[in-house]
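Novice: Residue numbers (the numbering used here), protein chains in the order written: chain A, 1 to 203; chain B, 1001 to 1097. Structure in structure tokens, see below.
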Amino acid sequence: MSEDVVRDEQEVQRQNYSEKEKTEIFDNEFMPHVDSMYNFGYRLTFDEDDAKDLVQDTYLKAFRFINSFQRGTNAKAWLFRILKNSFINEFRKKSKQPSKVDYSEVEQYYNSDDAGENITTDLRIETVQHMIGDEISGALNAIPVDFRTVIILSDLEGFTYEEMSKILDIPIGTVRSRLHRARNMLKEKLAVYAKEMGYNKES
Amino acid sequence: MSDFTDWFKDTFKVCYCEQGNLVDKDRFSEIVQLVLDNEADEESMAIFQKKISSCVKSNFTFENEKCMRDEIQKKLATHRKEIPNDLAQAIRKSVNL
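Here's what the structure looks like:
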């Protein structure tokens, strides 16, 4: 499945790299992103071995379809797109994980007219300042994967809306709205957590 | 003209009442997001800057969102997983490099 995506992306500009060029591209344009790829994989799967498998699989596909990659273009976005598709099309099935929250249902809810009225994030900056990375990371991990993904891509990996639109295969307007919903969801999780931990009490 | 020029104008309008007071904080936070993500075009940015320099509530909302975003990003960025030592080698091996 993801092979099709890789092929479709730049079929019209198919390259014919020599073995030496392939190695150069792989080493200089693909390999520098291993760290980001692994962290993305881990935040999707929550499992070190699964993240490792996902990253290896992504690089294997990237190498197999290297002629579909145009040198000097955005290798990181290209790799993220392959990894995301591998996760959706293969990993979720293979892992036989219990079914996750149905994204369409969640987005439908959050896109409904009255959704905004339910978003009351009583979260103060001082509260977030008290939190450690672990706690914020835990809140991020608790939101549905499709919403978590846009926060990771934007806030951790620095992708633009246009790049995210290509990685996720969704219109750019959906990137904007999904990101907004995702950030509100994260704030809600943090607010609930802060309340449970008593972070909101005046000192 | 960016992808969000029209969206910005339409959304900006509904954020304020006739007197120019901020009445829809949630919609305004969508605009703030666009600005903080550097996705607003120059014209939209100029409109935004003009407003936050004259409207205390808008300015407060913007600064609050900005600080919150910075804090969350900073803490998430420090919370990264170390990649396994053998991963890069395993990748090279799998593609015969």
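No residue lacks a Cβ here, since even glycine has one placed at the ideal position from N, Cα and C.
Under the criterion of a Cβ to heavy atom distance below 8 Å, does Glu1082 (chain B) qualify as lining the ligand HEM?
Specialist: The ligand HEM is absent from the structure shown, which contains no ligand whatsoever.
Novice: Under the assumption that Asn141 (chain A) contacts Phe46 (chain A) (Cβ atoms under 8 Å), give the Cβ distance between them as a whole number of angstroms.
Specialist: Looking up residue 141 (chain A) in the first sequence gives position 141. Looking up residue 46 (chain A) in the first sequence gives position 46. At roughly 7 Å, the Cβ-Cβ gap stays under 8 Å, so Asn141 (chain A) and Phe46 (chain A) are in contact.
Novice: Identify each residue in the region 1058 to 1080 of chain B for which the Cβ-Cβ distance to at least one residue of chain A is less than 8 Å, and report them in chain order.
Specialist: Correct list: Asn1064, Cys1067, Met1068, Arg1069, Glu1071, Ile1072, Gln1073, Lys1075, Leu1076, Ala1077, Thr1078, His1079, Arg1080.
Novice: Please classify Gln1089 (chain B) as buried or exposed, where buried requires at least 16 neighbouring CB atoms within 10 angstroms.
Specialist: Counting from 1 along the second sequence, the entry for residue 1089 (chain B) is found at position 89. By the neighbour-count rule (16 or more Cβ atoms within 10 Å), Gln1089 (chain B) is not buried but exposed.
Novice: Closer than 7 Å by beta-carbon distance: list the chain A residues that pair up with Glu1043 (chain B), in chain order.
Specialist: Locating residue 1043 (chain B) in the second sequence gives position 43, where the first residue counts as 1. Those do not exist, as Glu1043 (chain B) stays about 17 Å from chain A at its closest Cβ, beyond 7 Å.
Novice: For Asp1010 (chain B) and chain A, any beta-carbon pair shorter than 9 Å?
Specialist: The residue given as residue 1010 (chain B) occupies position 10 in the second sequence. Taking Cβ atoms only, chain A never reaches closer than 9 Å to Asp1010 (chain B), which makes this a no.
Novice: Taking Ile132 (chain A) as the reference, give the member of B:Ile1083, B:Arg1027, B:Lys1074, B:Glu1018 with the closest Cα.
Specialist: On the first sequence, position 132 is the one that residue 132 (chain A) refers to. Measuring from the Cα of Ile132 (chain A), the nearest candidate turns out to be B:Lys1074.
Novice: Three or more beta-carbon pairs under 8 Å between the region 1060 to 1067 of chain B and the region 1024 to 1040 of chain B, yes or no?
Specialist: Yes, since at least three Cβ pairs between the region 1060 to 1067 of chain B and the region 1024 to 1040 of chain B fall closer than 8 Å, the two stretches touch.
Novice: Counting contacts by CB-CB distance shorter than 9 Å, is Gly116 (chain A) in contact with chain B?
Specialist: Stepping through the first sequence from its first residue, residue 116 (chain A) is reached at position 116. The pLDDT assigned to Gly116 (chain A) is 45, lower than 50, so where the model puts this residue is not dependable, and the model offers no usable value.
Novice: Answer yes or no: does any C-beta atom of chain B fall closer than 9 Å to that of Ser154 (chain A)?
Specialist: In the first sequence, residue 154 (chain A) corresponds to position 154, counting from 1. Judged by the 9 Å Cβ criterion, Ser154 (chain A) is in contact with chain B.
Novice: Out of A:Gly41, A:Pro32, A:Glu135, which has the shortest C-alpha to C-alpha gap to Arg1092 (chain B)?
Specialist: Taking the first residue of the second sequence as 1, we reach residue 1092 (chain B) at position 92. For Arg1092 (chain B), the nearest C-alpha among the options comes from A:Pro32.
Novice: Using alpha carbons as the reference points, say which of A:Arg124, A:Glu163, A:Asp169 lies closest to Thr73 (chain A).
Specialist: Mapped onto the first sequence, residue 73 (chain A) falls at position 73. Nearest C-alpha to Thr73 (chain A): A:Glu163.
Novice: Could you give the distance in angstroms between the alpha-carbon of Met1045 (chain B) and the alpha-carbon of Gln1033 (chain B)?
Specialist: By 1-based counting over the second sequence, the position of residue 1045 (chain B) is 45. By 1-based counting over the second sequence, the position of residue 1033 (chain B) is 33. Between Met1045 (chain B) and Gln1033 (chain B), the C-alpha separation is close to 12 Å.
Novice: By Cβ distance below 6 Å, which residues in the same chain neighbour Gln13 (chain A) in space, the five residues on each side in sequence not counted?
Specialist: In the first sequence, the residue the question calls residue 13 (chain A) occupies position 13. For Gln13 (chain A), where only same-chain residues beyond five positions count, the Cβ hits under 6 Å are Gln70.
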